[in-house]
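For the sequence shown, my numbering assigns the number 29 to the initial residue and increments by one for each residue that follows.
One structure is given here, and the rest of the page talks about it.
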Amino acid sequence: MSEKTTKKDKKEKDLLTKRKVRKGAKTKPDTAKTEKSESVKSAKPSSPARKKSRAAAKKTMPKKSRELKDLDRYIIEDEDMVMPARPGKMLRVIPLGGVGEIGKNMTVLEYDDEIIVIDCGMTFPDDELLGVDLVIPDTTYLQKNADKVKAVFITHAHEDHIGGLPYFLRNFNVPIYCTALTEGLVSLRLQEHKNLKDVKFKVRKAGDTVKLGSFSVEFVRVNHSVPDSCALAIKTPVGMVVFTGDFKIDTTPVDGEMIDLVRFGELGKKGVELLMMDSTNADRAGMAMSERRVSDSFEREFKDCKKRIIVASFASNVHRIQKIIEIAAKHDRKVAVSGRSMENILKVGSELGYIRPDKNRMIELAQIKKYPDDKVVIITTGSQGEAMSALYRMAYSSHRQVDVGPSDKILIAASPIPGNEKSVYQMINELIRKGAEVVYERLADIHVSGHACQEELKLMLSLIKPRYFMPVHGEYRHLKCNASLAQQTGMDSENIFLTDLGKVLEIGGGKARWGASVPSGRVLVDGYGVGDVGTLVLRERRLIGQDGVIVASAAVDMYERRILTEPFIVSRGFIFVKEAEDLIAEMEQVTRDALNFALGRKDVGIKAVRDAVSDKLSDFLYKKTKRSPVIVPIITSTPSKSDILRATP
Ligand SMILES: [Zn+2]
Ligand SMILES: [Zn+2]
């Protein structure tokens, strides 16, 4: 406890200089210099020239210039050094997606007239969003501040972090900083959107730092279910911000590239102002299992298996795909892939060296019948039971090349994403009905999560020791769990910020506070339409879905106030017309009566005529059937006789 208080006191003291050094401050009284030299060291090995310039800076910097007021004006010579703070300016942290929800991750960091965007994801629509293809974050705030937006940084290549880019890039032509595999997968995605040209990719690798105006962003390696995933350590004028992105700690990763815990520890030592951390598994105790465990399970399933093996996995889990290819080789099986995203990943993954398929090992799907069952593996998409995915088509007998039967063993190496359970288990039932042996997560360890569980999250919190903490990437319950983990590691609840979409956290001058919220929410994408499906359209879709639609058409002469063509009723999703001819005839009579009634009143215009038809029909149908279909009156009007003659063929 006492250690905590001294730390806190020291923190307050350091605040004055805006340079926080948690350890080593006592031995080196010049805190500003300590921070500087450390940061230089981390960026690149310090050169003699740089040392000289630092020494010069120290000499010319009078002691009192370290006080807040002067420091604001103090411009540090070394380019790699901390960005100088501007008086009265605070760092604004704005989540536009990924908090209070799983998916469509997007976070905005704003300082003065500069904005950087972290991730640009999408999410799949839930059942209530009828007909919607995908959901992306509302970027109204960014559009209003378009000239401030400097770049997008992508942490990794999952859809919930990159899927919104094709839409985002229509409005913002800014560089995208990401790692090589992420670039490869984003490019694939962009190919589907042909109007996007000249996208400015800036490929970086873990350990690289990008200096961009007031920000300096370092990519830090993490483990996750797609390779080349990174956290971001963002140096800002108000201090260091660490954004973990999706991560877990895998001490035995299959590619041998472990999360850079040392770097996180270094960052923590130097002082981190704000940590934003993945909350997806914050409600799960313990540690996430290593991907190696999955490889071991695959080994077991392959061993002595006489059946054809079909493995469904997320295409983006490149390590797992490589591992399956390796195990197939060991058991002398040929490998074929099915599903477009799987074919794509094989291409991109091989180009970048993440997948190393042996040319003699890979075969076309069309060739599988040439080999005995125990000499073939098919790697396929469809682990989420997505309609039209390859495994789904196999289950429902609509796959052109693969007929599933008793001689198949199917490994579903993924757990259903919440919301997909029903379709996944339906698909599994179909596969089993066909006689196939199906192994899924509940039966064997053939999938592990890519997200840190409680012990890993606490370890990260202890390494980073942030002044402020903001849980991200999760529904509210996940964020809350993550917050309580932080409290367990000793953080004060007042320094933990449970946020919401569009909520602005302002940090600066040793303070953090909520600012005025910005517009946020979801934008629905349906076909080519972005944002044109709103609540009204959805309400209509829902109503049509519930009780169907009735179209009542007729033509009237508004001048002579009479019906020109008799009412005609079309019904969709309401009743089966052939068995309800009487009801249709009655509806036509109701329409006729409504038209005559409305036309009989001199002051009534065409709109009121239409309203009369729809009101009368709706009353009639509710009384008769207790249903409320959507009624569409198509009543065309003609003002004069001559017009009618011209208009009627
Ligand atoms: Zn992810
Ligand atoms: Zn994610």
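Where a beta carbon is used, it is the ideal one built from N, C-alpha and C, also for glycine.
Just reading off the beta strand (DSSP E) that residue 258 is part of, what are its end residues? Its beta strand (DSSP E) spans residues 258 to 264.
Determine the burial state of residue 358: buried for a count of at least 16 other Cβ atoms within 10 Å of its Cβ, exposed for fewer. exposed
Classify residue 400: buried if its beta carbon has 16 or more other beta carbons within 10 angstroms, exposed otherwise. exposed
Please determine whether the Cβ atom of residue 288 lies at a distance below 6 Å from any heavy atom of ligand 2. no
Would the beta-carbon of residue 347 be found less than 6 Å away from any heavy atom of ligand 1? no
Where residue 170 falls: helix, strand or coil (DSSP): helix
Can you check the stretch 482 to 520 for any beta strand (DSSP E) of at least 3 residues that lies completely inside it and give the ranges in chain order? 496 to 500
If you run the structure through DSSP and keep just helix, strand and coil, what is residue 281? coil
Return the chain-ordered list of same chain residues with a C-beta closer than 6 Å to the C-beta of residue 373, the five sequence neighbours on each side being excluded. 343
Any heavy atom of ligand 2 closer than 6 Å to the CB of residue 506? False, no ligand heavy atom lies under 6 Å from that Cβ.
For residue 129, does the three-state DSSP call read helix, strand or coil? DSSP places residue 129 in strand when its eight states are reduced to three.
Per-residue DSSP class, three states only, for residue 161: Residue 161: coil per DSSP, three-state reduction.
Leaving out five residues before and five after residue 423 in sequence, what residues of the same chain have Cβ atoms less than 6 Å from its Cβ? 455, 458 and 459
For residue 410 versus residue 434, is the C-beta spacing smaller than 7 Å? no
Looking at the secondary structure, which residues open and close the beta strand (DSSP E) in which residue 147 lies? It is not in any beta strand (DSSP E) - residue 147 carries neither H nor E in the DSSP assignment.
Supposed close pair residue 339, residue 352 - CB separation, criterion 8 Å: 6 Å
Ligand 1 site residues, beta-carbon cut 5 Å against heavy atoms: 186 and 274
Measuring alpha carbon to alpha carbon, tell me which residue in 529, 538 and 590 is nearest residue 547. 529
From residue 431 to residue 348, what does the alpha carbon distance come to, in whole angstroms? Cα-Cα distance, rounded: 24 Å.
Given that a residue counts as buried once 16 or more other Cβ atoms are within 10 Å of its Cβ, and exposed if not, what is residue 313? exposed
From residue 579 to residue 496, what distance separates their C-alpha atoms? 59 Å
Taking C-alpha atoms, which residue in 407, 396, 397 and 361 lies nearest to residue 389? 361
Mind checking whether residue 234 and residue 206 have CB atoms under 7 Å apart? no
May I ask you to report which of helix, strand or coil DSSP gives residue 637? helix
Would you check whether ligand 2 has a heavy atom nearer than 6 Å to the C-beta of residue 324? no
Any alpha helix (DSSP H) of 4 or more consecutive residues that is wholly inside the stretch 424 to 484: 449 to 461
Would you grab the beta carbon distance between residue 183 and residue 260 for me? Rounded to a whole angstrom, and I think it's under 8 Å. 7 Å
In whole angstroms, what is the alpha-carbon distance linking residue 154 and residue 533? 29 Å
Roughly how many angstroms lie between the CA atoms of residue 161 and residue 180, to the nearest whole one? 24 Å
Expected contact under 8 Å - CB spacing of residue 204 and residue 551 to nearest Å: The pair is not a contact, with the Cβ atoms about 20 Å apart (cut-off 8 Å).
Would the C-beta of residue 256 count as close to ligand 2, meaning under 6 Å from any of its heavy atoms? no
Is residue 642 helix, strand or coil when you go by DSSP? helix
On a Cα-Cα basis, can you pick out the residue from 535, 367, 158 and 331 that is closest to residue 417? 367
Extract the residue ranges of the beta strand (DSSP E) inside the stretch 318 to 342, only unbroken runs of 3 or more that lie entirely within it. 336 to 341
Excluding the 5 residues flanking residue 618 on each side, which residues of the same chain have their C-beta closer than 6 Å to its C-beta? 644, 645 and 648
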